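Student:
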Amino acid sequence: MKKRILVSACLLGFECNYKGACAKEYSENPSFWNKVFDFYEVIPVCPEQLGGLSTPRNPSELTGLADNVYRFSAKIISNKGVDVTHNFVKGAEEVLRLAKLLHVEFAVLKSRSPSCGKDSVYDGTFSGRLIPGAGLTCFLLMKNGYKVLTELDFINITNYCEE
Numbered sequence: 032m033k034k035r036i037l038v039s040a041c042l043l044g045f046e047c048n049y050k051g052a053c054a055k056e057y058s059e060n061p062s063f064w065n066k067v068f069d070f071y072e073v074i075p076v077c078p079e080q081l082g083g084l085s086t087p088r089n090p091s092e093l094t095g096l097a098d099n100v101y102r103f104s105a106k107i108i109s110n111k112g113v114d115v116t117h118n119f120v121k122g123a124e125e126v127l128r129l130a131k132l133l134h135v136e137f138a139v140l141k142s143r144s145p146s147c148g149k150d151s152v153y154d155g156t157f158s159g160r161l162i163p164g165a166g167l168t169c170f171l172l173m174k175n176g177y178k179v180l181t182e183l184d185f186i187n188i189t190n191y192c193e194e
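Numbered according to my numbering, the sequence shown spans residues 32 to 194.
#1: Residues in its own chain within less than 8 Å of S147 by CB, not counting five upstream and five downstream?
#2: Quick check on the DSSP output: the alpha helix (DSSP H) that includes Y57 runs from which residue to which?
#3: By Cβ distance, which residues of its chain are closer than 8 Å to P163, with the 5 residues on each side in sequence left out?
#4: Return the CA-CA distance between L37 and L133, expressed in angstroms with no decimal places.
#5: Mind checking who Y153 pairs with in its DSSP beta bridge?
#6: With three or more C-beta pairs closer than 8 Å as the rule, is the stretch 77-93 touching the stretch 55-62?
#7: For T181, is the classification buried or exposed, using 16 other Cβ atoms within 10 angstroms of its Cβ as the cut-off for buried?
#8: Which class does S109 belong to by DSSP, given the choice of helix, strand or coil?
#9: For the alpha helix (DSSP H) that T168 lies in, which residues bound it at each end?
#10: Just curious, the alpha helix (DSSP H) that V115 is in, first and last residue?
#11: Within its chain, find whatever has a CB closer than 7 Å to the CB of C47; leave out the 5 residues flanking it on each side and keep chain order.
#12: Any idea what DSSP makes of A52, helix, strand or coil?
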């Protein structure tokens with residue numbers, strides 16, 4: 032029986048990122064991501080869409096650490112100044128609900144995203160500067176005991192295992 036995993040939909044070729052495109056990691060190597068289906072039961076997720084945001088949409092960034100969103104001392108704001116925190120919280124909670132309902136083993140999420148980023152996210156100034164921290168969905172999954180990998184972690188581990 033295949034392990035069930037969550038994967039950011041943009042990594043699987045779904046045109047759901049804020050620009051209405053798939054992730055460059057998919058467009059640069061679609062055969063790798065399509066092969067994932069041979070080994071795992073894959074559940075594609077886009078927290079922003081699950082939270083009610085349209086595609087395409089304005090880029091958004093965290094104004095602080097993800098855990099501070101739940102303490103009401105940080106928000107997620109679009110580059111137009113619109114507070115989209117509610118949408119991101121709703122999307123993160125829906126992904127967590129799916130993870131529990133479907134008994135997933137782990138998640139592979141898109142790096143640097145305000146939802147899915149694991150090790151770093153943009154700093155909230157829309158300057159392209161990264162700071163250490165996780166996106167809201169990644170934070171919520173890890174807080175609830177789920178292992179989360181970035182796409183780069185997953186590619187490196189998979190390539191290592193094939194050697």
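Glycine residues also receive a C-beta, built at the ideal position from the N, C-alpha and C atoms. Since the model is a prediction, treat every value here as computed from it, not as a measurement.
Tutor: According to the structure shown:
#1: The sequence position of residue 147 within the sequence shown is 116, counting from 1. Note that residue 147 corresponds to Cys in the displayed sequence, not to Ser. Within the same chain, C147 has close Cβ partners S39, P78, L140, K141, G166, T168 and C169.
#2: By one-based count along the sequence shown, residue 57 stands at place 26. Segment K55 to E59, the alpha helix (DSSP H) holding Y57.
#3: The sequence position of residue 163 within the sequence shown is 132, counting from 1. Only D150 and S151 meet the Cβ criterion.
#4: Numbered from 1 along the sequence shown, position 6 holds the residue referred to as residue 37. Numbered from 1 along the sequence shown, position 102 holds the residue referred to as residue 133. Rounded to whole angstroms, L37 to L133 spans 10 Å at the Cα level.
#5: Along the sequence shown, read from residue 1 onward, the residue named residue 153 stands at position 122. Looking at the DSSP assignment, Y153 forms a beta bridge with L161.
#6: no
#7: Walking along the sequence shown from the start, residue 181 turns up at place 150. By the 10 Å Cβ count, T181 comes out buried.
#8: Along the sequence shown, read from residue 1 onward, the residue named residue 109 stands at position 78. Correct three-state label for S109: strand.
#9: Working through the sequence shown from its first residue, we reach residue 168 at position 137. Note, T168: alpha helix (DSSP H), L167 to K174.
#10: Locating residue 115 in the sequence shown gives position 84, where the first residue counts as 1. Note, V115: premise wrong, no alpha helix (DSSP H); not H, not E.
#11: As a working mapping, residue 47 is identified with position 16 in the sequence shown. Excluding residues within five positions, the ones whose Cβ falls inside 7 Å are A40, C41, C77, Q80 and T86.
#12: As a working note, residue 52 is residue 21 in the sequence shown. DSSP places A52 in coil when its eight states are reduced to three.
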